[in-house]
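J.:
Residue numbers (the UniProt record's numbering): 1 to 261.
#1: How long is the line joining the alpha carbons of residue 198 and residue 179, rounded to whole angstroms?
#2: What number of angstroms, rounded off, separates the C-alpha of residue 247 from the C-alpha of residue 184?
#3: Between which two residues does the alpha helix (DSSP H) containing residue 82 stretch?
#4: If you drop the 5 nearest sequence neighbours on each side, which residues of the same chain put their C-beta closer than 6 Å to that of residue 5?
#5: Could you give the distance in angstroms between the alpha-carbon of residue 259 and the alpha-carbon of residue 24?
#6: Within 10 Å of its beta-carbon, does residue 278 have 16 or more other beta-carbons around it, so buried, or fewer, so exposed?
#7: Do you know offhand how far residue 111's Cα is from residue 136's?
#8: Ignore the nearest five residues each way along the sequence and tell me which others in residue 55's own chain have a CB closer than 6 Å to its CB.
#9: Just how far apart, CA to CA, sit residue 217 and residue 176?
#10: Rounded to whole angstroms, what's the CA-CA distance from residue 204 to residue 167? Just pull it up for me.
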């Protein structure tokens, strides 16, 4: 696991390229593939990478070709939930949007990226995708469980209020992530109704919220950089030193991968 970053430590003739899978959205009878700028901005400005946006609506057949062109994979959050049939559950939140085409793209994408040794950084839905891809499952209504905080945003609040820091995350003592961030506990925002229940194969928690829900994971058996977080470090990342360090570390890992090719 790479824990340091230096923009000049790896001298490449080009910036590393990172794959981002897009999501489905319907607008006035037209189907769109979308990616929110807030996710792209820190990848460009702090990780120092060039994004490639992959439409998920055409299926997973071209995943290997996409991955042959990139040096890392960045799995973002989204307004949709993962199809619960993929982890053996009935749908308990039918009112929530789903994006089955993204599910069908991202799950084989994760397997292929791991096999190739590509660095992976995953946020919110992306972290949940890693867990499901590796055989784990989710609490569909984390907020309904005894003793759990309600991690959802207030839909009536302003965007600034929704993305404000609201609870702490404590990292495993002396873990690489705690050392990277220089702290064993930080405050984070929280905009999710679901969370990891059963861990997938090889998935290790590395950070927990105050209610013991899993907020950060990695894959210790993987040779490459792997990090999934349940909060949204992309939100105004330039104003958050912890976010900057995570994106810089991911960018450094992508440069190391690019140099090795």
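Cβ coordinates follow ideal geometry from the N, Cα and C atoms, glycine included.
T.: Result, derived from the coordinates:
#1: Here residue 198 is taken as the residue at index 198 of the chain shown, counted from 1. Here residue 179 is taken as the residue at index 179 of the chain shown, counted from 1. So the two alpha carbons sit approximately 27 Å from each other.
#2: On the chain shown, position 247 is the one that residue 247 refers to. On the chain shown, position 184 is the one that residue 184 refers to. In a straight line, the C-alpha of residue 247 is about 18 Å away from that of residue 184.
#3: What you label residue 82 is simply residue 82 of the chain shown in a count that begins at 1. For residue 82, no alpha helix (DSSP H) encloses it, and the DSSP letter there is neither H nor E.
#4: Counting from one through the chain shown, the residue named residue 5 turns up at place 5. Residue placement at residue 5 is flagged as unreliable, the pLDDT there being 43, under the threshold of 50; a coordinate-derived value is accordingly withheld.
#5: Your numbering for residue 259 matches position 259 in the chain shown. Your numbering for residue 24 matches position 24 in the chain shown. Answer to the nearest angstrom: the Cα atoms are 34 Å apart.
#6: It is not possible to answer for residue 278, since the shown part of the chain is limited to 1 through 261.
#7: Here the question's residue 111 lines up with position 111 in the chain shown. Here the question's residue 136 lines up with position 136 in the chain shown. Here the C-alpha atom of residue 111 lies approximately 14 Å from the C-alpha atom of residue 136.
#8: Here residue 55 refers to the residue found at position 55 of the chain shown. Only 22, 33 meet the Cβ criterion.
#9: One-based indexing of the chain shown puts residue 217 at position 217. One-based indexing of the chain shown puts residue 176 at position 176. One C-alpha to the other measures close to 12 Å.
#10: As a first step, residue 204 must be located in the chain shown, where it is residue number 204. As a first step, residue 167 must be located in the chain shown, where it is residue number 167. Taking the straight line joining both Cα atoms gives about 21 Å.
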